[in-house]
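Reading the sequence shown from the start, the letters are residues -10 to 193 in my numbering.
Virtual Cβ for every residue (Gly too), placed ideally from N, Cα, C.
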Amino acid sequence: MSIFRRLTEKPWVETDDRVERLHTKLFRAHDRKVALYIFLCVVGSVFFLLFAATHMRIALATDWVPMPEPILLWVNSVVLVAVSMALEYSRRLVNSNQDGMFVFSIGGVLTFLFLGLQIVVWWQLIALGYAAQRNPSNAFFYVLTALHAAHLIGGLIAWCRALWRMRSKDGDYPHIRLSVELCAIYWHFLLLVWVVVLALFVST
-10 MSIFRRLTEK PWVETDDRVE RLHTKLFRAH DRKVALYIFL CVVGSVFFLL
40 FAATHMRIAL ATDWVPMPEP ILLWVNSVVL VAVSMALEYS RRLVNSNQDG
90 MFVFSIGGVL TFLFLGLQIV VWWQLIALGY AAQRNPSNAF FYVLTALHAA
140 HLIGGLIAWC RALWRMRSKD GDYPHIRLSV ELCAIYWHFL LLVWVVVLAL
190 FVST
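1. Could you have a look at residue 84 and say whether DSSP puts it in helix, strand or coil?
2. Under 8 Å, with one C-beta from each stretch per pair, do the region 118 to 131 and the region 53 to 64 reach the 3-pair mark?
3. In angstroms with no decimal places, state the Cα-to-Cα distance between residue 32 and residue 156.
4. Does DSSP put residue 113 in a helix, in a strand, or in coil?
5. Here's the rule: buried if 16 or more other CB atoms are within 10 angstroms of the residue's CB, otherwise exposed. What is residue 80?
6. On the DSSP letters alone, give me the boundaries of the alpha helix (DSSP H) that residue 140 sits inside.
7. Can you tell me the Cα-Cα spacing of residue 186 and residue 35, whole angstroms?
8. Which whole runs of the alpha helix (DSSP H) in the region 36 to 60 are 4 residues long or more, in chain order?
9. Determine the DSSP secondary structure at residue 122, reduced to helix, strand or coil.
10. Report yes if the CB atom of residue 141 is closer than 8 Å to the CB atom of residue 179, and no otherwise.
11. Between residue 78 and the rest of its own chain, which residues show a CB-CB distance below 6 Å, the 5 nearest in sequence each way excluded?
12. Which same chain residues, not among the five before or five after residue 214, have their C-beta less than 7 Å away from its C-beta?
13. By the 10 Å Cβ neighbour count, where 16 or more other Cβ atoms means buried, how is residue 73 classified, buried or exposed?
14. Report all residues from its chain with a CB closer than 6 Å to the CB of residue 177; omit the five preceding and five following residues, and keep chain order.
15. Counting only the same chain and skipping the five closest in sequence on each side, list residues whose C-beta sits under 7 Å from that of residue 209.
16. Roughly how many whole angstroms lie between the Cα atoms of residue 44 and residue 130?
17. If we ignore side chains and look at the alpha-carbon of each, how far apart do residue 70 and residue 20 end up?
18. Are the Cβ atoms of residue 193 and residue 47 separated by less than 8 Å?
19. Determine the direct distance from the alpha carbon of residue 84 to that of residue 166, and round the result to whole angstroms.
As structure tokens, this is what we get:
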């Protein structure tokens, strides 16, 4: 840029050139990553409202009966931690140009295991007489854990697509790297939500 053009520049005027530099040079995040962060903000807001509603229900009523804590619920928590660790490790492998498909596959398989164990936990609680309509604490527990499971199922769809790209010999490697990173971010977020849900019901 010449000295004359610099002296006559009007930074307060929005031009097409300034908008182009804003989007291409200063903001380097991928569109899919930005979309994921926005989606997580929305999902986080929904869970936050449910957490707030749970606390309000506890404070305003005397009919809140705490639910039991099956040992399988803690086993399930360990499984979800292992899923998050596997996806994070696979992300690091892919970023270092190594084959992370096996570890990435383990993360998805453990997610299926988590969902299966969660169904068993629901069956155990219902068999003990803790159905959703029996008590507000039961209803909130089933709503929160079912909503969490629904988001895991949605994440598995993205996991399957990423695994298919990794198995493809002519796949776009930068695209694969981004897909693995997005899956890891999504599972880390769901692990955080699960920890908050567990802490919420253990504390009551």
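Walking through what the data contain:
1. For the purposes of this step, residue 84 is taken as residue 95 along the sequence shown, with counting starting at 1. Helix.
2. yes
3. Your numbering for residue 32 matches position 43 in the sequence shown. Your numbering for residue 156 matches position 167 in the sequence shown. Cα to Cα, residue 32 sits roughly 30 Å from residue 156.
4. Position 124 of the sequence shown holds residue 113. Looking at residue 113 - three-state DSSP - the assignment turns out to be helix.
5. Within the sequence shown, numbered from 1, the residue matching residue 80 stands at position 91. The residue is buried, with at least 16 neighbouring Cβ atoms inside 10 Å.
6. Numbered from its first residue, the sequence shown carries residue 140 at position 151. Note, residue 140: alpha helix (DSSP H), 125 to 156.
7. Translated into positions along the sequence shown, residue 186 becomes position 197. Translated into positions along the sequence shown, residue 35 becomes position 46. It is roughly 13 Å from the alpha-carbon of residue 186 to the alpha-carbon of residue 35.
8. none
9. What you label residue 122 is simply residue 133 of the sequence shown in a count that begins at 1. Coil at residue 122, not helix or strand.
10. Counting from one through the sequence shown, the residue named residue 141 turns up at place 152. Counting from one through the sequence shown, the residue named residue 179 turns up at place 190. Taking C-beta atoms as the reference points, residue 141 and residue 179 count as a pair closer than 8 Å.
11. Indexing the sequence shown from 1 puts residue 78 at position 89. Once the five neighbours on either side are set aside, the close Cβ partners of residue 78 are 92.
12. Because residue 214 is not part of the residues shown, which for the chain are -10 to 193, the question remains open.
13. By 1-based counting over the sequence shown, the position of residue 73 is 84. Residue 73 is buried by the Cβ-count criterion.
14. Numbered from its first residue, the sequence shown carries residue 177 at position 188. The answer, listed in chain order, is 73.
15. This structure gives no information on residue 209, because the portion of the chain shown stretches from -10 to 193.
16. Within the sequence shown, numbered from 1, the residue matching residue 44 stands at position 55. Within the sequence shown, numbered from 1, the residue matching residue 130 stands at position 141. In a straight line, the C-alpha of residue 44 is about 12 Å away from that of residue 130.
17. Locating residue 70 in the sequence shown gives position 81, where the first residue counts as 1. Locating residue 20 in the sequence shown gives position 31, where the first residue counts as 1. When rounded, the distance between both Cα atoms is 28 Å.
18. As a working mapping, residue 193 is identified with position 204 in the sequence shown. As a working mapping, residue 47 is identified with position 58 in the sequence shown. Yes, the Cβ-Cβ distance between residue 193 and residue 47 is below 8 Å.
19. The residue labelled residue 166 in the question sits at position 177 within the sequence shown. The residue labelled residue 84 in the question sits at position 95 within the sequence shown. Looking at the two C-alpha atoms, the distance is approximately 6 Å.
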